[in-house]
Every structure is written in C-alpha cells, then in structure tokens.
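For the sequence shown, counting from 1, position 92 maps to 92 in full-length UniProt numbering; every step adds exactly one.
Data block below; observations after.
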Amino acid sequence: MKRISEYLFIWALGGIIYYTIEVVFRGFSHWSMFVLGGFCLLFFGWQGLMQKWQDPLWLQVLRCTLFVGAGEFITGMIVNKWMKWNVWDYTNQPLQLFGQVCVPFLILFSGLCALGILMSGYLLHWIYGEEKPHFHVL
Numbered sequence: 001m002k003r004i005s006e007y008l009f010i011w012a013l014g015g016i017i018y019y020t021i022e023v024v025f026r027g028f029s030h031w032s033m034f035v036l037g038g039f040c041l042l043f044f045g046w047q048g049l050m051q052k053w054q055d056p057l058w059l060q061v062l063r064c065t066l067f068v069g070a071g072e073f074i075t076g077m078i079v080n081k082w083m084k085w086n087v088w089d090y091t092n093q094p095l096q097l098f099g100q101v102c103v104p105f106l107i108l109f110s111g112l113c114a115l116g117i118l119m120s121g122y123l124l125h126w127i128y129g130e131e132k133p134h135f136h137v138l
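Structural data, given as structure tokens:
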C-alpha cells in the first residue's frame, strides 16, 4: 500500500507542477500534460532509486531528458497527430521531429529534469523513508 501511495503522490505532484508551469508560461495547458508530467516525475524518482542514487547527476539528467523527450514524442503523436487535439506544435522550431519534439525545448526540459530529480529524491526520502539520495556531479 505504501508503494501505491508513493507512486500516486509523486505522479500527482509531477502533473500539478508541469501543468502549472505550462499555464504560467503559455497561458494554458491540457490534461494530457498533467498525465505526462506525472509520469516524468515518477520516472525521475524511480530511476534514482533503481540505481541507488549512485549515478552522477549529469547521467541522471541525460537519462531523464531522453525519457521526457520520448514521452513528449509519443504523447504528441497520440494527442496531436492521431487524436488531432493540437495541444502543441514545434514545426517552426529548429531541430524538430514531426513538430512533436525539438532540441531547444529538450535543453530547457533538461533543467527541469535536474530540479525534478533532486526534488523527487528528497521527497521520497523525507515522506516515504526511501534511501537518502547522495547526488554528485561527476
């Protein structure tokens, strides 16, 4: 039961945070971004716990940025291309793929990943008694 509570809490927190960031910077968001933001924060904590927080922070950020990019691409293909909800469109951005992901935003997301990794690690430790993270850059 603790594990379910842990996963739901981190997922909901990630959804709330990402949805709020989009509303603040874009003026609107979509429920699919809540779902994706939740899964991303869940992954940030999960990958750290699986590696016992031993990997250097740069590697965790890279891993999480790739996860975010893949998640955004898959979500975009479903909600923008298949469902035609037009939630976002990066076609006029440099280094984009089918208008669903682009390198400039992935770089921006990497900073959010770093913050999310730190936050999820400490929250999982403080609230759920998971292993205390020991972050190191190299």
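Even glycine gets a Cβ: it sits at the ideal position worked out from N, Cα and C.
Candidates 27, 44, 7, 5: which alpha carbon is nearest residue 109's? 44
| task | Can you tell me which of the three DSSP states residue 101 falls into? | result | strand
Under 8 Å: do the segment 100-107 and the segment 59-76 share three or more Cβ pairs, one atom per stretch?
yes
### Task
Count the other C-beta atoms from every protein chain shown that fall within 10 angstroms of the C-beta of residue 92, then say buried if there are 16 or more, exposed otherwise.
exposed
Could you name each continuous alpha helix (DSSP H) segment of 4 residues or more that falls completely within the segment 66-128, going from the start of the chain to the end? 103-128
Worksheet entry | Burial state of residue 5, where buried means 16 or more other Cβ atoms lie within 10 Å | exposed
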